[in-house]
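The structure is reproduced here in C-alpha cells:
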C-alpha cells in the first residue's frame, strides 16, 4: 500500500479476476444491494463481462468496488454498482471510491462525460463530484433513482 492512502486500487476485466477475487466482488455487491437494501433483483445481470471492475483492497481483502461501463451508442461511460463494505464504512471510502472511478473512466475514456444512475437520496453526494441530474426521479427495483452526468474535464 502507498503511504498516502490506506487502500490499493485495482481495475481489471472480469476474466482477469481470480475465482477468489470474483467471489469477494460478487459477495460484497449481493451483501449491499440485495441483502442490506432488502432488494430482490438480478444482481448477476449478464453485464459484468463487458465492464471494468474497480476494486479497493487492503491487506484483508476487498473493501469497496464499482463497475465501469464502456460507452455504447445509447450511453456515455457509466459508473455503477458503487459499494463499500459495511465493515469499512465511516472511513470516507465512498468518496475515495468515486474519485478512483472517475479517474479510471477519464484514463480509459478521455474527453468523455460520465453517467450514473444514482439512488435519489445520494444526489448531494454525487453532486460533490460534479454530477448533475439529467432526469426526473424514477423507481428502479423499488428504490428511487435519478440519472446524473458529469461533464468531461
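In my numbering, the protein residues as written are 2 to 154. Here a beta-carbon is modelled for each residue, glycine too, at the ideal position from N, C-alpha and C. Here the structure is a predicted model, which is why all the values come from computation and not from measurement.
C-alpha gap between residue i and residue j, whole angstroms
i	j	result
residue 2	residue 61	No answer about residue 2 holds up, because its pLDDT of 41 lies below 50 and its placement is not dependable.
residue 132	residue 154	12 Å
residue 32	residue 46	16 Å
residue 51	residue 97	24 Å
residue 74	residue 48	16 Å
residue 69	residue 148	15 Å
CB contact flag (residue i, residue j, <8 Å)
i	j	result
residue 63	residue 86	yes
residue 121	residue 101	no
residue 44	residue 30	yes
Selection from the options that minimises the alpha carbon distance to residue i
i	options	result
residue 142	41, 25, 37	41
residue 150	130, 108, 105, 31	130
residue 95	109, 111, 66	66
residue 26	83, 140, 108, 90	83
residue 127	146, 111, 112	146
residue 103	152, 134, 140	152
Where the beta strand (DSSP E) containing residue i begins and where it ends
i	result
residue 58	52–59
residue 145	144–151
residue 30	Per DSSP, residue 30 belongs to no beta strand (DSSP E); it is in the alpha helix (DSSP H), 20–30.
N-terminal and C-terminal residue of the alpha helix (DSSP H) that residue i is part of
i	result
residue 95	94–109
residue 71	That residue, residue 71, is in no alpha helix (DSSP H); it is neither H nor E in DSSP.
The stretch 4–24 contacting the stretch 49–59, beta-carbon criterion three pairs below 8 Å: yes
Meets three-Cβ-pair contact criterion under 8 Å: the stretch 68–85 and the stretch 113–120: yes
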